[in-house]
Amino acid sequence: MKKLNGFLALSFLSIFSTGAFALDLDKPLPNWIDHSREQADGKAAVLAPAHRGVTPSDFRMPAEYEPVSAVAIGWAAYTPMLTSIAKAVTGVAKAQLWAVAGPNSISGVPATSYSQISAPLDSVWMRDYGPFGVSANTGKPGIVDSIYRHYQYRRNDDAVPAALGKAKSIGVYGMPIIMDGGNLMVDSRGTLFMTKRTYLWNSNMSEAQVNTHLKNYLKVKKIVTFEYSGYPGQPADGTGHIDMFMKLLDDNTVLLSVAETEPYKTNSEKAMAWFKANKAPNGQPYKIITVKGWATDAWYTYTNSTLVNNVAIIPSYTGSAEEANARAAYESAGYTVVPVNTDDSIVSGGSIHCVTQTIPGAPGKSVSLTDVPVFTDITVTVPMAPLPGNSSTSVDQLLNGL
Numbered sequence: 001m002k003k004l005n006g007f008l009a010l011s012f013l014s015i016f017s018t019g020a021f022a023l024d025l026d027k028p029l030p031n032w033i034d035h036s037r038e039q040a041d042g043k044a045a046v047l048a049p050a051h052r053g054v055t056p057s058d059f060r061m062p063a064e065y066e067p068v069s070a071v072a073i074g075w076a077a078y079t080p081m082l083t084s085i086a087k088a089v090t091g092v093a094k095a096q097l098w099a100v101a102g103p104n105s106i107s108g109v110p111a112t113s114y115s116q117i118s119a120p121l122d123s124v125w126m127r128d129y130g131p132f133g134v135s136a137n138t139g140k141p142g143i144v145d146s147i148y149r150h151y152q153y154r155r156n157d158d159a160v161p162a163a164l165g166k167a168k169s170i171g172v173y174g175m176p177i178i179m180d181g182g183n184l185m186v187d188s189r190g191t192l193f194m195t196k197r198t199y200l201w202n203s204n205m206s207e208a209q210v211n212t213h214l215k216n217y218l219k220v221k222k223i224v225t226f227e228y229s230g231y232p233g234q235p236a237d238g239t240g241h242i243d244m245f246m247k248l249l250d251d252n253t254v255l256l257s258v259a260e261t262e263p264y265k266t267n268s269e270k271a272m273a274w275f276k277a278n279k280a281p282n283g284q285p286y287k288i289i290t291v292k293g294w295a296t297d298a299w300y301t302y303t304n305s306t307l308v309n310n311v312a313i314i315p316s317y318t319g320s321a322e323e324a325n326a327r328a329a330y331e332s333a334g335y336t337v338v339p340v341n342t343d344d345s346i347v348s349g350g351s352i353h354c355v356t357q358t359i360p361g362a363p364g365k366s367v368s369l370t371d372v373p374v375f376t377d378i379t380v381t382v383p384m385a386p387l388p389g390n391s392s393t394s395v396d397q398l399l400n401g402l
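Using our numbering, read the sequence shown as starting at 1 and increasing by one per residue.
Pasting the structure below:
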């Protein structure tokens, strides 16, 4: 695809595109683009915010370890894995399950805890294209919808946050930067952790401009950035996301994936150095827990988990000698651990965290909905080209589907 210069106009549309890709549950799309089956159309993204402007001042993005009302998944691949996740979410974690393009029912999942959302999908990677859950002081949820990096290839995925907002009568706010949910991690005190890939994706904006959007929409106060394995070139793990090597277990405890091989080894060491040099929100040193990751046919990590109401749904890999250590790491932070086999998904660039998104709220209760929003069409400008003189190849990576 020809490299784009300047800006592309982004239209926030209320009509969803079905795209050209035919969903195949037996041959799912990877986290990156499969050029043998996908082609960029070069058109504007398909998003439909219900509200103009930023989120209200009383909204914020909670940490994953705060109360969760619902977990959203996209029923587009890896049915055994998604079924196991669904059982854990609605069972021991006592949350609702929202399945986009899901079946009428899921074995072992109570009907009272399950919502089937009728909307088309391209892929299973809900964490990246799905809704960023925010909540008000009243407990009412909201959705922040950023620009999915693959929007030129995966139209249906790009429309999911607005589809969920409509289905659940939740207000949606459109954040005009490219941001995948897998590269977004917050604590309960307003600190956001991400890799520098966010800046590279939005490389015709200054870092300060990107930070302003994140602070305005997610109501975070501080932003901490890390490199990723392979930075600034092609991500070695296929994503460049923070959830592939780091997991906040609470405000003062972090789980890091450490490795013996490059480029993962150095990347983990740099992340560890930051946590050793900085204080946790309680004023004490961070408690740092490590678990081994490794690279063979893929990058295998135990940080790609999902936390739901004191339950940690963690990856399980066949034959791994590290699972007991991973389980002990989560248990040491007070979590009930539910392992789910992710052998099939990890070779496509993701595990548990990559296929789930959490909606904040009180556990075990129905989501307290906002007033039914009116979805309107607006147009904003989206950065797609590097600043003059920027030698980074990140925009080429973005347009080529990495």
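Glycine included, every Cβ here is placed at the ideal spot set by N, Cα and C.
Fully enclosed by the region 173 to 203, which alpha helix (DSSP H) runs are 4 residues long or longer?
197 to 201
Secondary structure, alpha helix (DSSP H): runs of 4+ residues fully inside the region 90 to 134:
126 to 129
With distances taken Cα to Cα, identify the nearest neighbour of residue 237 among 296, 63, 149.
296
Straight-line CA distance for residue 104 to residue 172?
26 Å
Counting pairs of beta carbons, one from the region 156 to 166 and one from the region 128 to 148, are three or more of them closer than 8 Å?
yes
Expressed to the nearest angstrom, what Euclidean distance is found between the alpha-carbon atoms of residue 92 and residue 311?
7 Å
In terms of residues, what are the limits of the beta strand (DSSP E) holding residue 312?
311 to 316
Buried or exposed: where does residue 49 fall if 16 or more other Cβ atoms within 10 Å of its Cβ makes it buried?
Buried is the call here.
Between which two residues does the alpha helix (DSSP H) holding residue 275 run?
264 to 277 is the extent of the alpha helix (DSSP H) around residue 275.
Simplified DSSP assignment, three categories, for residue 379:
Low confidence applies to residue 379: its pLDDT is 42, below 50, so where it sits in the model is not reliable enough to give any reading.
Sorted by chain position, which residues of the same chain lie with C-beta nearer than 8 Å to residue 318's C-beta, five sequence neighbours on each side aside?
Cβ neighbours of residue 318 beyond the five flanking positions: 341, 343.
Alpha-carbon to alpha-carbon, residue 34 and residue 113
35 Å
In terms of DSSP beta bridges, what is residue 60 paired with?
135
Buried or exposed for residue 259, going by 16 or more other Cβ atoms inside 10 Å?
buried
Might you give, ordered along the chain, the residues of its own chain that have their beta carbon closer than 7 Å to the beta carbon of residue 227, omitting 5 neighbours on each side?
195, 196, 267, 270
Could you tell me which of 170, 149, 115 sits nearest to residue 142, measuring between CA atoms?
170
Excluding five sequence neighbours on each side, which residues of the same chain lie with their C-beta closer than 6 Å to the C-beta of residue 74?
100, 121, 124, 126
The region 198 to 209 in contact with the region 296 to 305 per 3-pair CB rule at 8 Å:
Contact between the region 198 to 209 and the region 296 to 305 is absent, because fewer than three Cβ pairs lie under 8 Å.
In this structure, does DSSP put residue 212 in helix, strand or coil?
helix
Hey, would you say residue 63 sits closer than 8 Å to residue 186, going by beta carbons?
yes
Output needed for residue 110: all residues of its chain with C-beta closer than 7 Å, excluding positions within five of it in sequence on either side, in chain order.
Excluding positions up to five away in sequence, the list reads 90.
Quick one: measure Cβ to Cβ for residue 202 and residue 178, integer angstroms, because I've assumed they're closer than 8 Å.
6 Å
By DSSP's criteria, residue 348 is part of a beta bridge. Which residues make up the other side?
Paired residue(s): none; residue 348 is not in a bridge.
Bridge partners - residue 357, DSSP secondary structure assignment:
72
Can you tell me the Cα-Cα spacing of residue 28 and residue 283, whole angstroms?
Computed Cα separation, rounded: 45 Å.
Pick out whichever of 251, 245, 263 has its Cα sitting closest to the Cα of residue 272.
245
Using CA coordinates, which residue listed in 264, 217, 78 is at the minimum distance from residue 229?
The candidate whose alpha carbon is nearest that of residue 229 is 264.
Can you tell me which of the three DSSP states residue 205 falls into?
coil
Buried or exposed: which applies to residue 221, given that a residue is buried once 16 or more other Cβ atoms fall within 10 Å of its Cβ?
exposed
Could you name the residues that DSSP lists as bridge partners for residue 258?
292
Closest Cβ-Cβ distance between residue 79 and chain D: below 8 Å?
Here there is only one protein chain, and chain D is not present.
Tell whether a beta-carbon distance below 8 Å holds between residue 337 and residue 68.
no
Is the beta carbon of residue 348 closer than 8 Å to that of residue 355?
no
Just how far apart, CA to CA, sit residue 240 and residue 247?
14 Å
Should residue 314 and residue 327 be called a contact, given that it needs their Cβ atoms to be closer than 8 Å?
Taking the C-beta atoms as reference points, residue 327 is found nearer than 8 Å to residue 314.
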